[in-house]
Amino acid sequence: MIRLEKRPQPSRAFSYATPLLAVLATFFFGGLLFAALGKDPIASILTIFWEPLFGEFSFFYRPQLLIKGAPLVLIAIGLSLGFKAGIWNIGAEGQYIMGALFGAGVGLAFYPTESMFIFPAMVLAGAFGGWIWAMIPAVLKVKFGTNEILVSLMLVYVAEQFLASMSLGLLKNPEGFGFPGSRNLQQYPSAHNAELITGSGMHWGVVMALIAVIFAYVLFERHRLGFAIRVTGEAPRAAKFSGVNPSRLVLFCLGTSGMLAGLAGLFEAAGPAGQITIDFNVGYGFTAIIVAFLGRLHPVGIVLAGLLMALTYIGGDIAQSQLGLPAAAIQVFQGMLLFFLLAFDLFTNYRLRFGRTETA
Amino acid sequence: MKLTTLFASAAVALGLATTAMAEDKTKVGFVFVGPIGDGGWTYEHNKGREAVEAEFGDKVETVYVENVAEGPDAERVMTQMALDGADLIFTTSFGYMDATNNVAAKFPKVKFEHATGYKRLHPNVSTYSARFYEGRAIQGHIAGNMTKSNIIGYIASFPIPEVIRGINSAYIHAAKVNPDVEFKIIWVYTWFDPAKEADAAKALIEQGADVVLQHTDSTAPQAAAQEAGNVVTFGQASDMGQYAPFPRVSSIIDDWAPYYIARTRAVMDGTWESMDTWDGIGPGMVGIGEISDAVPAEVKEEALAMKAALADGSYHAFTGPLNKQDGSAWLAEGETADDGTLAGMNFYVEGITGEIPQ
Amino acid sequence: MDLSAINPILLVAALMSAATPILLAATGELVVERAGVLNLGVEGMMIIGAICGFAIAVETNSPVFGFLAAAAGGALLSLLFAFLTQITLANQVASGLALTLFGLGLSALLGQSYVGIKPPRMGDINFGPLADIPVVGPILFSHDPVLYLGIALVALVWGILKFSRIGLVLRAVGENHDAAHALGYKVVRIRTMAIMFGGALAGLGGAYISLIRVPQWTEGMTAGVGWIALALVVFASWKPWRVLLGAYLFGGITQLQLNLQGAGVAIPVEYLAMSPYVITIIVLVILSADKSAAPGSLGRTFHASH
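As they're listed, the protein sequences go chains A, B and C. Count along the first sequence from 1, then add 163; that gives the number in our numbering. Count along the second sequence from 1, then add 26; that gives the number in our numbering. Count along the third sequence from 1, then add 196; that gives the number in our numbering.
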C-alpha cells in the first residue's frame with residue numbers, strides 16, 4: 164500500500180530535485196518517442212537543449228532566448244501575483260493583444276513625427292490597454308462576484324476579433340498595397356523598441372521583465388501587500404480577519420497582471436514583431452500560465468521556467484530543420500516535459516509512505 | 027555611429043560563419059507557416075520541396091521548419107537556416123515579408139525567395155507569386171455555364187487583393203457566358219477552418235447556389251456540396267481529386283515545383299538574380315486540375331481553349347471593356363489591366379453586389 | 197440585399213448539426229465541472245477524438261467503430277489529466293493547458309498518413325414519411341444518429357444529475373469535496389470517472405467534426421471549438437438543458453452571420469463573431485447574483501489528509 168502524506172513543510176531538497184528529475188524523465192520518454200520516429204534520440208535531445216546554449220552558433224541563440232523568454236517571464240510574473248492570492252487571470256493573451264493595439268496605435272497615430280516622447284507615450288498606452296482589459300473581469304468580480312477565470316478567457320476571443328478588425332481596418336498600412344497589417348514600427352525610429360546593445364537581444368521588454376522580477380521578489384519577501392496576497396491564497400478567512408481588503412486585492416492583482424501583459428504586447432509589437440497583424444498573438448499569454456506554475460509562482464523560478472520554455476521552442480525549431488523532426492513531435496515533447504514537471508512537483512509537498520495503512 | 031559599426035561587425039561575423047559552413051551540396055531551406063499536413067497551402071509548398079529533392083538527388087539537401095509564426099520566430103528560423111549553411115531559403119507566407127528582408131540584410135551571400143510579397147530591399151531577395159486569377163477565369167467560365175439557378179456562391183477568406191482579384195476574375199467570365207449570374211460572397215476570415223468552411227458552403231447552398239467556389243484550403247465545402255447532391259465545386263490549392271468527377275469538376279493547383287527547381291538550379295549555376303516573378307498557367311505555376319466529364323463537352327473545350335490562350339499570353343483575364351462596381355470606367359475596349367493595379371486590387375468590378383468589408 | 201433567400205427551416209436544421217460538436221464536448225465538460233474539476237484540455241481531447249475516430253473509421257470502414265474509438269481515445273487522454281490532477285495533485289489549469297498542447301501534437305503525429313483521405317460516410321437516419329412533414333420534418337427528422345445521441349446524452353446527464361444517487365454523489369463531491377470525503381465517498385475515484393466521461397464526450401465531439409461535418413482529417417482541424425465548449429458550460433450555468441440551448445444559440449449566431457452575408461447584408465463580421473463571447477460574459481454577470489450556480493469546489497485540489 165502506497166500512501167501520500169503531506170509534508171509539514173515543502174521539502175527544500177525536493178524543490179530543487181524535482182525539476183531535474185522531470186527533465187531526466189522527459190529525456191528518457193522523449194528519446195523513446197524520437198527513436199520511434201526513426202531519429203537518433205541522443206542527437207535530438209542534444210540539438211534541443213545543447214545547441215542553442217553551447218553550440219557553434221550560440222552567440223545568436225542566447226540573445227534569442229531573451230527575446231523569446233522576456234514576454235513569457237513578464238506576463239508570468241504578473242499572473243503569479245494573482246495566482247498566489249487565488250485570483251485566476253487566464254486571459255493574459257487578450258491583455259497582451261490589447262496592450263499591443265493601444266501602444267502601437269498611439270505610435271502609428273504620430274507617424275511620421277519624430278520625437279523622444281513618442282516611445283514613452285506608447286509604453287504608457289500599452290500598459291493602459293492591458294490594464295483596462297484586465298479591469299473588466301476585476302470590476303465584474305468585485306461588483307457582482309462574477310467568475311474571473313471565465314470572463315478573462317472570454318475576453319481573449321473578443322480581443323482577437325478586435326485585432327483582426329484593426330489589422331484589416333484602422334491600423335492597416337496605407338502604403339501596404341491593400342494587404343492586412345500595420346506599418347512596421349521597426350522602420351519608425353521614434354516608435355521602435357530597438358535592441359539596446361545590438362546583437363544582445365536586450366530590448367526594453369527584457370529590461371521591464373527584469374524590473375518586474377525584482378519588484379515581485381521584493382513584494383513577496385519584504386512588503387505587507389505580498390504578505391496579504393499569500394495569506395489570502397492560503398487562508399481567505401484568516402486574511403479577512405487580519406484586515407486584508409479582498410476587493411482591493413482583486414483590483415490590484417488583476418490590474419497589475421493585465422498591465423504587465425499589455426506591456427509585453429507593446430514591447431513585442433514595437434520591437435521583435437514590429438507590426439500589428441491578424442496573427443500577431445502567438446500564444447504567449449497561455450504559455451505564461453504554464454510558466455508561472457512551472458516556476459512555482461516564485462519570481463526566480465519563473466525566470467528559469469520562462470527560459471526553459473524558450474529553450475524548447477528555439478531548440479525545437481533547430482531540431483526540425485537539422486534533423487527533420489516534425490513540429491508535432493516537438494509539441495508532444497513539450498507536453499511531456501510539462502506533465503513530468505507538474506507530476507513530480509508532488510514530492511515537494513508530499514511524501515510517499517509505503518507499507519500497511521496505519522490508523523490515521 | 028557606434029551602433030552601425032557594431033551592426034556591421036556582427037554581420038561580418040554572421041557572414042563568415044556561413045562561408046565556413048559551405049559544402050558541396052546546395053542547401054535549400056523552407057520556412058512554412060502551417061503544418062505540412064494541412065492538405066492545402068503548406069502541403070503544396072512541401073510537394074515543391076520534395077520535387078527539388080527528386081530533381082537533384084544527392085546534389086541538394088533540403089531542410090524545413092513547419093508551423094513557424096510570423097514575426098520574430100520566423101526571423102529566428104531563417105537566421106538559423108542561414109547559419110547552418112543554407113544557400114537558398116524559400117519563405118512561404120506573406121507575413122514573412124519584413125523578416126525575410128531583415129535576415130537577407132545580414133546574409134548577403136544567401137539567396138532569399140519570399141512568396142506573395144512585394145519587398146525586395148536587398149539584391150539577394152526575390153519575390154514570387156502565382157496568377158491564380160487566371161485559373162479563376164476558367165472556373166468562372168465553367169461556373170457560368172453550369173449554374174441553373176444563376177446563383178454562384180463564393181467562400182472568401184480575407185478581404186485582401188489576392189482574394190478580391192479572384193472574385194473579380196471569376197465573376198467577369200461567369201457573367202460573360204451568363205449575364206444573369208449573381209455572386210453570393212461569404213467572408214469567413216480564415217484560410218483554414220474546416221467546420222466554418224462547411225457552414226459557409228451549406229449556407230450558400232441553402233440560399234440557392236448550385237456552384238460554390240472557394241478561396242479557403244480545406245475540402246469541407248466539397249463534402250458539403252456532395253451531400254447536397256446537385257452542387258458544382260472546384261478544388262483549391264490542391265486538386266481535391268477525391269471529390270472528382272462530381273461535385274469537383276476542376277481545380278486550381280498551386281504547383282511550386284517548376285519554380286523551386288528552376289531557382290535551385292540558378293543558385294547551383296551561379297545565375298541567380300533578384301527578380302519578381304508572377305507566373306500563371308503558362309510557366310506551370312498555376313495548374314488546372316482535370317476538367318471532369320460532368321462538364322458538357324463543348325464547355326470543357328471552351329475552357330481548355332481559354333487555358334491555352336491564357337498560357338500563351340494571347341488572352342488576359344482582365345481585358346476591357348470593364349467598369350468598376352460604382353460604374354466608373356476602368357479598362358477601355360481591348361485594354362488589359364496592368365500588374366500594379368492587379369497587385370493592389372481593392373474594388374469589385376461592375377455587376378458584383380455587396381461591399382468589400384473593411 | 198435579399199433576406200428572402202434565407203430559409204429559416206434549413207437554417208435551424210443546419211445550426212443543429214453545426215452545434216453538435218460543441219454540444220457533445222460541453223455536456224462532457226459539464227459533468228466534469230459538476231464534480232468540481234476544471235479541465236481546460238477540451239480542445240486537446242477533441243482533436244485526439246477527431247483523429248482516433250477518423251483513423252479507425254477509415255481502417256474498419258465503419259463510422260460506428262470510428263465513434264467508439266474516438267470516445268475511447270478521448271477518455272484515454274483524459275486519464276492522463278486525471279492522473280496529474282487527482283493522483284499527483286497538480287494544478288488543474290496548468291494541467292489542462294498542457295493536455296491541449298500534448299493532444300494537438302500527438303494528433304498530428306498520429307494523423308500523418310491520413311491527410312487527403314475520404315472517410316466512410318455515416319448516413320442520416322431514415323424516418324420514412326416523418327421526414328416529409330413540412331417544417332418539422334427537415335428540422336427534426338433529417339439528421340445523422342450522432343446528433344440525436346448528443347441530445348439524448350443531454351437528457352441522460354440531466355436525469356442522472358437530478359434524480360439518481362450517482363448524480364447526487366457527483367454533485368456532493370463537486371460542491372464540497374471535504375464534506376463528501378467525510379461522508380465516505382471516494383472523491384478521487386468519482387472525479388476520475390467524471391473526467392473520463394468528459395474525455396469520451398469530447399472525443400465524440402471531435403470525431404463528429406472529422407467524420408460528419410467536414411469530413412476529412414487535417415492537423416488542428418478543431419480550430420478552437422474546445423474553447424467554445426468551455427465557455428458554453430459557464431453560459432449554461434452548469435445546467436444540461438441550458439447547454440443545449442446555448443449550443444444552438446452559439447451555432448445559430450455563426451449560421452446567421454454566414455447567411456446574412458450570403459444574402460448581401462453588409463455586417464461587421466468581426467463584431468458578430470465576438471458576440472457569443474460578449475453574451476456569455478453578460479450571462480455570467482447576471483448569473484453571479486445566484487451564488488449557487490457554480491460548483492463550490494470547482495478547480496480546487498483535493499487531498500484526503502486535508
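Each residue gets a CB set at the ideal place from its N, CA and C atoms; glycine is no exception. Note that the structure is predicted; figures quoted are calculated from it, not measured.
query: Considering just the uninterrupted stretch of the alpha helix (DSSP H) at residue 423 of chain C, what are its terminal residues?; result: 421-431
query: For a quick check, are the C-beta atoms of residue 454 of chain C and residue 463 of chain C less than 7 Å apart?; result: no
query: Compute the beta-carbon to beta-carbon distance between residue 89 of chain B and residue 125 of chain B, rounded to the nearest angstrom, for a pair I have assumed lies under 8 Å.; result: Not confirmed; about 17 Å, so no contact.
query: Quick one: is residue 498 of chain A near chain C, going by C-beta distance under 7 Å?; result: yes
query: So which residues on chain C does residue 251 of chain A lean against when the C-beta distance must stay under 8 Å?; result: 289 and 495
query: Note down, in chain order, every chain C residue with its Cβ under 9 Å from the Cβ of residue 277 of chain B.; result: Within chain C, no residue comes near residue 277 of chain B; the closest Cβ sits about 13 Å away, beyond 9 Å.
query: Quick one: measure Cβ to Cβ for residue 275 of chain B and residue 258 of chain B, integer angstroms, because I've assumed they're closer than 8 Å.; result: 6 Å
query: Our contact map puts residue 237 of chain A next to residue 471 of chain A with C-beta atoms below 8 Å; I'd like the distance itself, whole angstroms only.; result: In fact, because the Cβ distance is near 16 Å, the residues do not count as touching under 8 Å.
query: Starting from the Cα of residue 447 of chain A, find the closest Cα among A/463, A/459, A/464 and A/429 and give me that residue.; result: A/429
query: I want to verify the contact list: residues of chain A whose CB lies under 9 Å from the CB of residue 107 of chain B, in sequence order.; result: 484
query: With DSSP as the reference, identify every bridge partner of residue 90 of chain B, one or two as the case may be.; result: B/56
query: Drop a sphere of 10 angstroms on the beta-carbon of residue 322 of chain C, count the other beta-carbons inside from all chains shown, and report buried for 16 or more, exposed for fewer.; result: exposed
query: Got a sec, what are the start and stop residues for the beta strand (DSSP E) residue 140 of chain B sits in?; result: 137-141
query: Please state if the CB of residue 494 of chain C and the CB of residue 255 of chain C are separated by a distance shorter than 7 Å.; result: no
query: Report the neighbours of residue 268 of chain B on chain C: residues whose CB is nearer than 8 Å to its CB, in chain order.; result: 312, 313 and 314
query: Under the three-state reduction of DSSP, which class applies to residue 363 of chain B: helix, strand or coil?; result: coil
query: Against chain B, with Cβ distances strictly below 7 Å, would residue 236 of chain A count as a contact?; result: no
query: By Cβ distance, which residues of its chain are closer than 7 Å to residue 183 of chain A, with the 5 residues on each side in sequence left out?; result: none
query: Ends of the beta strand (DSSP E) at residue 354 of chain C?; result: That residue, residue 354 of chain C, is in no beta strand (DSSP E); its alpha helix (DSSP H) goes 341-359.
query: Three-state secondary structure (DSSP) at residue 218 of chain B?; result: coil
query: Quick one: residues in its chain with C-beta nearer than 8 Å to the C-beta of residue 292 of chain B, no 5 flanking neighbours on either side, listed in chain order?; result: 298 and 299
query: Quick check: the Cα distance between residue 383 of chain A and residue 404 of chain A, rounded to an integer number of angstroms?; result: 20 Å
query: Among the residues of its own chain, which have a CB less than 8 Å from the CB of residue 350 of chain C, if the five just before and after it don't count?; result: 219, 223, 436, 437, 439 and 440
query: Whole angstroms is fine: what's the gap from residue 144 of chain B's alpha carbon to residue 103 of chain B's?; result: 21 Å
query: Quick check: what's the CA-CA separation for residue 44 of chain B versus residue 108 of chain B?; result: The predicted position of residue 44 of chain B is uncertain, since its pLDDT is 46 and thus under 50; a value taken from the coordinates is nonetheless stated next. Their Cα atoms are separated by approximately 7 Å.
query: When the Cα of residue 493 of chain A is compared with those of B/61, B/55, B/146 and B/50, which residue comes out closest?; result: B/61
query: Identify the residues that DSSP records as bridge partners of residue 262 of chain B: which are they?; result: B/278
query: Should residue 348 of chain B and residue 375 of chain B be called a contact, given that it needs their Cβ atoms to be closer than 7 Å?; result: yes
query: Is there contact here, the segment 409-417 of chain A with the segment 228-235 of chain A, by at least three beta-carbon pairs under 8 Å?; result: no
query: Give the single residue among C/328, C/465 and C/292 whose Cα lies nearest to the Cα of residue 426 of chain C.; result: C/292
query: Let me know if residue 386 of chain A comes out buried or exposed under the rule of 16 or more other beta-carbons within 10 Å of its beta-carbon.; result: exposed
query: Where do the N-terminal and C-terminal ends of the beta strand (DSSP E) with residue 451 of chain C fall, by residue?; result: Where residue 451 of chain C is concerned, there is no enclosing beta strand (DSSP E), although the alpha helix (DSSP H) it sits in stretches over 436-458.
query: I'd like the span of the beta strand (DSSP E) that includes residue 249 of chain C, first residue to last.; result: Here residue 249 of chain C belongs to no beta strand (DSSP E); instead the alpha helix (DSSP H) covers 238-256.
query: Taking the straight line between their C-alpha atoms, what separation do you get for residue 356 of chain C and residue 106 of chain B?; result: 57 Å
query: Give a yes or no on whether 7 Å exceeds the smallest Cβ distance from residue 227 of chain A to chain B.; result: yes
query: Under 8 Å Cβ-Cβ, which residues of chain A neighbour residue 229 of chain C?; result: Correct list: empty, because the minimum Cβ distance to chain A is about 11 Å.
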